[in-house]
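Just so we're aligned, residue 1 is where the sequence shown starts under full-length UniProt numbering, counting upward by one.
Using N, Cα and C, we set each Cβ at its ideal position, and we do this for glycine too.
Notes to accompany the following structure.
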Amino acid sequence: MARLAAILYPPGTDIDALLGSVARSLAAAGARVGGVVQARDAEGCQGMAVVDLRGGRARSIAQNLGPLSTSCKLDTAAMADIAGDLERQIDAGLDLLILSRFGKTEIEGNGFRSLFGRALLSGTPLLTGVRNENADAWAAFHDGLGTDLPPDAAQVLAWARGAVQR
Numbered sequence: 001m002a003r004l005a006a007i008l009y010p011p012g013t014d015i016d017a018l019l020g021s022v023a024r025s026l027a028a029a030g031a032r033v034g035g036v037v038q039a040r041d042a043e044g045c046q047g048m049a050v051v052d053l054r055g056g057r058a059r060s061i062a063q064n065l066g067p068l069s070t071s072c073k074l075d076t077a078a079m080a081d082i083a084g085d086l087e088r089q090i091d092a093g094l095d096l097l098i099l100s101r102f103g104k105t106e107i108e109g110n111g112f113r114s115l116f117g118r119a120l121l122s123g124t125p126l127l128t129g130v131r132n133e134n135a136d137a138w139a140a141f142h143d144g145l146g147t148d149l150p151p152d153a154a155q156v157l158a159w160a161r162g163a164v165q166r
């Protein structure tokens, strides 16, 4: 069984609800699950905050650039701070790491991309979400080391349970 899996999903799929459900199910069974899922930030923007799966803390990943800005709102300093926290979770020992997305930022070599390698090197199984349009970049990134899952709760939970039991 691959130690790296992505749920490939079309637009409109609530991938964070699915990942959160898997995390809660495994944690209820005693597994040490860490990572983050995306949530709405204080201004109500979807995906501009993340929730820590170990402690439930919500943190903004958006920077306020003003109402006329057309630049990317992603706060790279906040992302780096959160990545440091997740590295500490990996180092402390996890049964599964969940990262909400392998998306544009990770494809470009930024965001949480380094955490994918860190988890693999530590032997920590990792589950993430990948939008269908990013499937080719995901395949190039994992180069055969990962497995693709459908956005089906039962199949994702079965993979996660198997990964945790190894």
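query: Option nearest Gly-55 by Cα separation, candidates Ala-23, Ala-77 and Leu-74; result: Ala-23
query: Proximity winner among Ala-163, Gly-162, Arg-166 and Gln-155, relative to Leu-18 (alpha-carbon distances); result: Gln-155
query: Counted within 10 angstroms of its Cβ, other Cβ atoms place Pro-125 as buried (16 or more) or exposed; result: buried
query: Contacts around Asn-132, its chain only, beta-carbon distance under 7 Å, and the 5 residues preceding and following it disregarded; result: Leu-8, Tyr-9 and Pro-10
query: Gln-46, DSSP secondary structure in three states; result: Only weak support exists for where Gln-46 lies, its pLDDT of 49 falling under 50; the value from the coordinates is given anyway. Residue state, collapsed to three classes: strand.
query: Extent of the continuous beta strand (DSSP E) to which Ala-6 belongs; result: 4–9
query: Reference Ala-92, options Val-37, Gly-20 and Gly-123, closest by Cα; result: Gly-123
query: Contained alpha helix (DSSP H) runs [length at least 4] in the stretch 83–110, N- to C-terminal order; result: 104–107
query: 4 or more residues per run - each alpha helix (DSSP H) lying fully within the stretch 104–157; result: 104–107, 113–122 and 135–142
query: Gln-46 to Arg-101 span [Cα, whole Å]; result: Residue placement at Gln-46 is flagged as unreliable, the pLDDT there being 49, under the threshold of 50; the coordinate-derived value follows with that caveat. Rounded to whole angstroms, Gln-46 to Arg-101 spans 13 Å at the Cα level.
query: Whole-angstrom distance between Leu-120 and Val-130, CA atom to CA atom; result: 18 Å
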